[in-house]
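Participant:
In the numbering used here, the protein residues as written are 114 to 187.
#1: Would you mind working out which of 174, 172, 164, 115 sits nearest residue 182, comparing C-alpha positions?
#2: Tell me where the alpha helix (DSSP H) around residue 160 begins and ends.
#3: Would DSSP call residue 172 helix, strand or coil?
#4: Would you call the CB atoms of residue 119 and residue 134 closer than 7 angstroms?
#5: Give me the Cβ distance between residue 171 and residue 156, rounded to the nearest whole Å; I'm assuming they're in contact under 8 angstroms.
The following block contains the structure:
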């Protein structure tokens with residue numbers, strides 16, 4: 114899903130509130146791709162995965178990849 118597709122959906126569903134939400138997303142992501150799964154499920158994390166491999170596989174921010182690895186190791 115691209116950011117433009119997400120923006121269209123939010124504008125259709127939220128109307129005027131969509132701009133505020135989209136601005137917040139842009140501010141927080143600062144150029145990072147958004148990982149929005151098609152189905153609500155956890156990403157597949159293998160024992161040898163590093164944050165860098167997850168970042169490349171799912172196009173997520175560095176912080177997200179690190180949190181996934183840390184949560185998996187618990």
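Positions of the beta carbon are idealized from the N, C-alpha and C atoms, including for glycine.
As the structure is a prediction and not an experimental result, all values here were calculated from the model.
Facilitator: Put simply:
#1: 164
#2: Element bounds for residue 160: n/a, residue is neither H nor E.
#3: coil
#4: no
#5: 6 angstroms
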